[in-house]
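Number of protein chains: 2
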Amino acid sequence: MSLIRKSVENMSGYVPGEQPDDSRIVKLNTNENPYPPSPVVQKALSSLDAEKLRLYPNPVADALRKRIAELHGCSVDNVFVGNGSDEVLALCTRAFVENDGSIGYLDPSYSLYPVLADIRDVEKRPVPLKEDFTWDVPSDYEASLFMLTNPNAPTGMLASVDQVRDFCSNFNGVVLVDEAYVDFSSWNCMELALEMKNVMVARTLSKSFSLAGLRVGYVVGSEPLISAMYKLKDSYNLDMISQEMALAALSDIEHMTLNAAKIIATRVRLSKELEALGYHVLPSETNFLWVKPANINAKDLFERLKNIGILVRYFNGDTTGDYIRITIGTDEEVEELLKALKT
Amino acid sequence: MSLIRKSVENMSGYVPGEQPDDSRIVKLNTNENPYPPSPVVQKALSSLDAEKLRLYPNPVADALRKRIAELHGCSVDNVFVGNGSDEVLALCTRAFVENDGSIGYLDPSYSLYPVLADIRDVEKRPVPLKEDFTWDVPSDYEASLFMLTNPNAPTGMLASVDQVRDFCSNFNGVVLVDEAYVDFSSWNCMELALEMKNVMVARTLSKSFSLAGLRVGYVVGSEPLISAMYKLKDSYNLDMISQEMALAALSDIEHMTLNAAKIIATRVRLSKELEALGYHVLPSETNFLWVKPANINAKDLFERLKNIGILVRYFNGDTTGDYIRITIGTDEEVEELLKALKT
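Chains as they are written, first to last, in our numbering: chain A, 1 to 343; chain B, 1001 to 1343.
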């Protein structure tokens, strides 16, 4: 008898984008923010007393949830904070999907979703994007849980609140609207999490707040859904330092907004420059661009850029293989990329 | 149709020991270390640059695993590092237990284990301790995964390496030897994780390293078991700061050992004093004592101590209800406790 669960033997794990140690590399591959987090975070970090680490952290991140509830005009009971939205997503698959249930998502979308379904060992029900990368879920479509990235990755495209609301009200299961990139977008769906019993909206501090290294994400939703997640989480899922740093970051929304505005400006400029080079550039509402190169195959371009120290992201596959995903870096990084693309 | 999985609706979550905000409270309830972590940790913390938090952490904690492998004389492929041993334990239930499988553990033992079985929605197969709190697993006993706390909690008692080896070699499934308290013990079972294909040994930095607030635990075992866990974990399960602080702590084993020695000395003294008061004190190989009070019911004692600002731990139940668990604090804290018990 095998010691390892059969479904686990058969699956391959998620492969995150490369994290090279070499700081000379222009890293435009994992949608990190090129700007530092708020100085309030550095201040909080520098004043930390290691002695208090001997105690367990607050098991349910009370202070942080209170701040998040305040920001979204809801109750603390509507907020779950996780060890990155990674944990939020994984917990949803365990809280809202029976063993004979199913998980839906757009295809292509965040490549972690099918892996999460494999981990849960349940049926995957992907909904293919249309040729123009917009989506339409068939009216007879069913699943226990749908993970809807909006704006979507890797396409960067944002569906309207009305489209998302229509989908959610026709859907029987739980919809997790994953708004990882929403601070770079023109609108958001938070109101749906506060209106509808089956809708949750997830956010992360990894992108717009420049805190990918910290692992803090959260989700807002109706109290019964949130309370189910709290039953399942690890006893102390969020360490003390992360709780304090996240609270510091959320006390300085302005810093985040100004960084996001800089990134959006760079995105608009890069977008125009790439179009001028003949690239097909999808309309992005995120901190990355999804582009089809001109006169060169996407995979070749990915590899040639990598050889000269510029990392972007390439996803093998029928619908994704003609495109590359470029994270918006600083103006200098984007300049370096453009220089390389022009030669 | 309910949005929430039936087994989740029906279960109650784990209730961690209280974490009061009031620093005047004598906190002897959650087995925290009364002494601060190594000064190397404070130094590493103070020199952290918040800017690098904008990047994702190393997804598999390479540097930390290398140090742990070095400490135990094994390969990096034999080491999994988790967001506290909480994550290690939960992953074992997902990696090594089929949906129709079962989870075994001693009863009483760490009260999280039955909760983890409920979360996985699989059968629980507790093995009752004998009247003297030692254990013996029936020869026809089977389970997919056995979680063996050694030394055990809340009893504090340590089984011999030979007894654990015998049990493991007769057992068909995976044995996770949870050595959370081992640095306060006379011996450990790490050799079994390196010898036997079905044995893993888990450690934590929460207790002996005074880093409960940091959430770092790890497990050593055969490569196929470790690699199964890596497939299932959250993509970036350990934040950047925790990785660096843990590495700092593991570079100063001497500090931990000296703290553990102080705690053991206090434990021996408290043990004698309580016996002199007529308490039944189990032989402890941990940083806590499991004691049956004299002339007062355990629950009453727990509550009366709480009323005067001294927190210990009480577990309801047939086998546990006559005892209280007392974490070994500083000599001053233990003095205060003894003064209270004498009056």
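Every residue gets a Cβ at the ideal spot worked out from N, C-alpha and C, and that includes glycine.
* Asked: How big is the Cα-Cα spacing for B:S1271 and A:L55?
  -> As a first step, residue 1271 of chain B must be located in the second sequence, where it is residue number 271. As a first step, residue 55 of chain A must be located in the first sequence, where it is residue number 55. Near 24 Å, if we compare the C-alpha coordinates of A:L55 and B:S1271.
* Do the stretch 1178-1189 of chain B and the stretch 1143-1162 of chain B make contact, defined as three or more Cβ pairs closer than 8 Å? -> Yes, the stretch 1178-1189 of chain B is in contact with the stretch 1143-1162 of chain B.
* Given that B:M1240 touches chain A, what residues does it touch there, using C-beta distances under 9 Å? -> Taking the first residue of the second sequence as position 1, residue 1240 of chain B is located at position 240. For B:M1240, the neighbours in chain A by C-beta distance under 9 Å run, in chain order, A212, G213, L214 and R215.
* Asked: So, B:V1127 versus B:D1107, is the Cβ gap smaller than 9 Å?
  -> Here residue 1127 of chain B refers to the residue found at position 127 when the second sequence is read from its first residue. Here residue 1107 of chain B refers to the residue found at position 107 when the second sequence is read from its first residue. For the pair B:V1127 and B:D1107, the CB atoms are nearer than the 9 Å cut-off.
* Output yes if chain B places a C-beta closer than 9 Å to the C-beta of A:F288; else output no. => On the first sequence, position 288 is the one that residue 288 of chain A refers to. False, the Cβ-Cβ gap to chain B never drops below 9 Å.
* To do: Check whether the Cβ atoms of B:V1161 and B:N1198 sit closer than 9 Å, and answer yes or no.
  => As a first step, residue 1161 of chain B is located in the second sequence; it is residue number 161 there, counting from the start. As a first step, residue 1198 of chain B is located in the second sequence; it is residue number 198 there, counting from the start. B:N1198 sits away from B:V1161, with the two beta carbons spaced by 9 Å or more.
* Anticipated Cβ contact below 8 Å, A:Y105 with A:F133, distance rounded -> As a first step, residue 105 of chain A is located in the first sequence; it is residue number 105 there, counting from the start. As a first step, residue 133 of chain A is located in the first sequence; it is residue number 133 there, counting from the start. Rounded, the Cβ-Cβ distance is 14 Å, inconsistent with contact.
* Asked: Roughly how far, in whole angstroms, is the beta-carbon of A:K231 from the beta-carbon of B:V1008, given that I think they are within contact range, below 8 Å?
  -> On the first sequence, residue 231 of chain A is found 231 positions in, with the first residue counted as 1. On the second sequence, residue 1008 of chain B is found 8 positions in, with the first residue counted as 1. Confirmed, Cβ separation roughly 6 Å.
* Asked: Ordered along the chain, which non-local residues of its own chain (more than five positions away) have a Cβ less than 6 Å from that of B:G1082?
  -> Translated into positions along the second sequence, residue 1082 of chain B becomes position 82. V1088 and G1217, listed in sequence order.
* Near B:V1026, which residues of its chain fall below 8 Å by C-beta distance, leaving aside the five closest residues on each side in sequence? -> Translated into positions along the second sequence, residue 1026 of chain B becomes position 26. Taken in chain order, the residues that qualify are G1309, I1310, L1311, G1329, E1333, E1336 and L1337.
* Between which two residues does the beta strand (DSSP E) harbouring A:M147 extend? -> Counted from its first residue, the first sequence places residue 147 of chain A at position 147. Boundaries of the beta strand (DSSP E) around A:M147: L145 to T149.
* Going by the CB atoms, is the gap between B:I1241 and B:N1033 shorter than 9 Å? -> One-based indexing of the second sequence puts residue 1033 of chain B at position 33. One-based indexing of the second sequence puts residue 1241 of chain B at position 241. Their beta carbons are not under 9 Å apart, which means B:N1033 does not touch B:I1241 by this criterion.
* To do: Report the neighbours of B:G1329 on chain A: residues whose CB is nearer than 7 Å to its CB, in chain order.
  => Translated into positions along the second sequence, residue 1329 of chain B becomes position 329. Neighbourhood of B:G1329 in chain A, by CB distance below 7 Å: empty, with the nearest CB roughly 11 Å away.
* To do: Rounded to whole angstroms, what's the CA-CA distance from B:L1071 to B:P1151? Just pull it up for me.
  => Here residue 1071 of chain B corresponds to residue number 71 of the second sequence, with the count starting at 1. Here residue 1151 of chain B corresponds to residue number 151 of the second sequence, with the count starting at 1. Annotation: B:L1071 to B:P1151 spans about 21 Å, alpha carbon to alpha carbon.
* Separation of B:T1257 from B:R1325, as counted between CA atoms -> What you label residue 1325 of chain B is simply residue 325 of the second sequence in a count that begins at 1. What you label residue 1257 of chain B is simply residue 257 of the second sequence in a count that begins at 1. Each residue's CA atom was taken as its position, placing B:R1325 and B:T1257 some 23 Å apart.
* **Residue closest to A:S284, alpha-carbon to alpha-carbon, out of A:G278, A:R269 and A:A294** => For this step, residue 284 of chain A is matched to residue 284 along the first sequence. Nearest option by C-alpha distance: A:R269.
* To do: Go through the stretch 1262-1315 of chain B residue by residue and report every complete run of the beta strand (DSSP E) that reaches 3 residues or more, in order.
  => If we require 3 residues or more, the beta strand (DSSP E) runs fully inside the stretch 1262-1315 of chain B come out as 1288-1292.
* Asked: Pairing CB atoms from the stretch 244-252 of chain A with CB atoms from the stretch 60-69 of chain A, are three or more of them under 8 Å?
  -> Judged by pairs of C-beta atoms under 8 Å, the stretch 244-252 of chain A touches the stretch 60-69 of chain A, as three or more such pairs exist.
* Asked: DSSP state of B:I1241, grouped into three classes?
  -> Against the second sequence, residue 1241 of chain B aligns to sequence position 241. In the structure shown, B:I1241 adopts helical secondary structure according to DSSP, grouped into three states.
* Which residues in the same chain have their Cβ closer than 8 Å to the Cβ of A:I253, if we skip the five residues on either side of it in sequence? -> Residue numbering aside, residue 253 of chain A sits at position 253 when the first sequence is read from its first letter. Counting only Cβ-Cβ distances below 8 Å, and skipping sequence neighbours, we find L71.
* Asked: Just how far apart, CA to CA, sit A:K342 and A:N29?
  -> Numbered from 1 along the first sequence, position 342 holds the residue referred to as residue 342 of chain A. Numbered from 1 along the first sequence, position 29 holds the residue referred to as residue 29 of chain A. Each residue's CA atom was taken as its position, placing A:K342 and A:N29 some 20 Å apart.
* To do: Using beta-carbon positions only, say whether A:S12 and A:E223 come within less than 9 Å of one another.
  => Along the first sequence, one-based indexing puts residue 12 of chain A at 12. Along the first sequence, one-based indexing puts residue 223 of chain A at 223. Result no, Cβ atoms of A:S12 and A:E223 do not sit closer than 9 Å.
* To do: Compare the Cα-Cα distances from B:A1069 to each of B:L1277, B:S1251, B:A1340 and B:Y1323 and report the closest residue.
  => Position 69 of the second sequence holds residue 1069 of chain B. Out of B:L1277, B:S1251, B:A1340 and B:Y1323, B:S1251 has the C-alpha closest to the C-alpha of B:A1069.
* CB contact below 9 Å: A:V174 versus chain B -> Working through the first sequence from its first residue, we reach residue 174 of chain A at position 174. Closer than 9 Å to some Cβ of chain B, the Cβ of A:V174 qualifies, so yes.
* To do: Leaving aside the five residues before and after B:V1281 along the sequence, list all residues of the same chain whose C-beta is less than 7 Å from its C-beta, in chain order.
  => As a first step, residue 1281 of chain B must be located in the second sequence, where it is residue number 281. Contacts found: S1271, L1274, E1275, L1289 and V1291.
* To do: Answer with yes or no whether the minimum CB distance from B:V1097 to chain A is below 9 Å.
  => For this step, residue 1097 of chain B is matched to residue 97 along the second sequence. Yes - at least one Cβ of chain A is within 9 Å of the one on B:V1097.
* Asked: With DSSP run on the structure shown, which of helix, strand or coil describes B:A1061?
  -> As a working mapping, residue 1061 of chain B is identified with position 61 in the second sequence. DSSP places B:A1061 in coil when its eight states are reduced to three.
* Would you say A:A50 faces chain B, with C-beta separation under 9 Å as the test? -> Here the question's residue 50 of chain A lines up with position 50 in the first sequence. Output row for A:A50: interface = yes.
* Could you please tell me which residues of the stretch 61-87 of chain A, in chain order, have their CB closer than 7 Å to any CB of chain B? => Interface annotation for the stretch 61-87 of chain A against chain B: N83, G84, D86 and E87, criterion Cβ-Cβ distance under 7 Å.
* Local conformation of A:P126 per DSSP, three classes -> For the purposes of this step, residue 126 of chain A is taken as residue 126 along the first sequence, with counting starting at 1. DSSP places A:P126 in strand when its eight states are reduced to three.
* In the stretch 1243-1274 of chain B, which residues sit with their C-beta less than 8 Å from some C-beta in chain A, listed in chain order? -> The stretch 1243-1274 of chain B vs chain A, Cβ under 8 Å: M1245.
* Reduced DSSP category for B:L1214 - H, G, I as helix; E, B as strand; rest coil -> Here residue 1214 of chain B is taken as the residue at index 214 of the second sequence, counted from 1. Three-state result, B:L1214: coil.
* Asked: When we look at the beta-carbon of A:N295 and count the other beta-carbons within 10 Å, is it buried (16 or more) or exposed?
  -> Here the question's residue 295 of chain A lines up with position 295 in the first sequence. So A:N295 ends up on the exposed side.
* Assumed close pair A:P57, A:Y279 - CB separation to whole angstroms, cut-off 8 Å -> Reading the first sequence from its first residue, position 57 is the one you call residue 57 of chain A. Reading the first sequence from its first residue, position 279 is the one you call residue 279 of chain A. Not a contact, Cβ separation roughly 47 Å.
* Could you tell me whether the Cβ atoms of B:L1091 and A:D239 are closer together than 9 Å? => Residue numbering aside, residue 1091 of chain B sits at position 91 when the second sequence is read from its first letter. Residue numbering aside, residue 239 of chain A sits at position 239 when the first sequence is read from its first letter. When the beta-carbon positions are compared, B:L1091 and A:D239 stay at least 9 Å from each other.
* Bridge partners - A:V220, DSSP secondary structure assignment -> Counting from 1 along the first sequence, the entry for residue 220 of chain A is found at position 220. In the DSSP output, where bridge partners are listed per residue, A:V220 has A:V79 and A:V201.
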